[in-house]
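The structure appears below as structure tokens.
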Amino acid sequence: MAEDKPTILIFSYGEVEDDFEELKEKANVYQASLLQRDAPSNLLANYPQAQAVWILAPSIVNPEFRGLSAQLVGYACNGGIVVLGGLFSLGVPASDFDKWMEEIWDLPWRYSQFKKKKTAIFGRHAEGPNAFWRNGLAAAYCHEGIFLENVEEIDSWYAISRRAVPKPRSRKPGKIKVLTSVAFTEVGEGWLGWTGDFHNRDETIAAVRAMMQLNKTPQEDHVPSAKLLRRLFEA
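To convert, note that position 176 of the sequence shown is 175 in numbering that gives the first Met the number 0; the numbers rise steadily by one, no gaps.
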């Protein structure tokens, strides 16, 4: 008998097709549009044991979806995985994202700024959801998109050089002053992930698969070398 595939839910504005065929090969994918207000909530209620929910629609942060947001927090706290990315990162205003992170997720993550073609490297001290989460992840990639600030080191999967970090907007004590392009943190018994890449490049999709625990491949070491770390991070 064929092995059962995990279930992945996608909340977007329309059908996600060509760019994510590999994801559909690894999982049973069901989609709901936020243009149909109750559709995402109903889909999540129908699949409460889904392995992950991928949110691509920025309007999830709007007040009319407050109930859905709370539903997603409950899903994550009970062991689910919520991933934010794609059009979400491009379309959500910084102030709305910051407020949503604080009020809904109780996290200090804040939008920092958009940057073009910055080299983001793998976080040497980052942690993931299982023993094989690093499999298939690049040591570094060229990121174009939004970066976060106030992400803890263990939650920062990719970040840019400290030399490129401007004066942060928020100056909260104890927060790390690097800019993060891929973040992943524990929420209760589950996880919340975020990617800032507008274009969903191969390296970003690989990170999303790792967040969703779909990257079960032979073990490889993708942690950057000390030489690469010195070259990219030291002032």
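From the three backbone atoms N, C-alpha and C, an ideal C-beta is built for every residue, glycine too.
Spatial distance of residue i from residue j (CA atoms)
i: L42; j: S94; result: 28 Å
i: K25; j: Q212; result: 10 Å
i: F235; j: A49; result: With the chain represented from 0 up to 234, any question about residue 235 goes unanswered, as that position is not in the structure.
i: A137; j: F121; result: 7 Å
i: P107; j: F131; result: 27 Å
i: W190; j: L67; result: 17 Å
i: C76; j: Q70; result: 10 Å
i: R200; j: A206; result: 10 Å
i: P128; j: M210; result: 7 Å
i: T194; j: D105; result: 18 Å
i: L83; j: V91; result: 11 Å
i: E202; j: W156; result: 12 Å
i: D3; j: I204; result: 22 Å
i: F96; j: K117; result: 22 Å
Residue i in three-state terms, based on DSSP
i: W108; result: coil
i: N41; result: helix
i: Y74; result: helix
i: A49; result: coil
i: L83; result: strand
i: N214; result: coil
i: A158; result: strand
i: D201; result: helix
i: W99; result: helix
i: L8; result: strand
i: R168; result: Residue confidence is low: R168 scores 44 on pLDDT, short of 50, so the model does not pin down where it sits. Its coordinate-derived value is still stated next. In this structure, R168 counts as coil in the three-state DSSP scheme.
i: V28; result: strand
i: G122; result: coil
i: V60; result: helix
Residue i and residue j closer than 8 Å at C-beta
i: V81; j: V60; result: no
i: Y110; j: I145; result: yes
i: G78; j: E151; result: no
i: F183; j: D154; result: yes
i: P57; j: F10; result: no
i: Y46; j: L8; result: yes
i: A38; j: A44; result: no
i: N214; j: G135; result: yes
Per-residue burial, residue i [other beta carbons within 10 Å of its own, 16 or more giving buried]
i: H124; result: exposed
i: E101; result: exposed
i: G13; result: exposed
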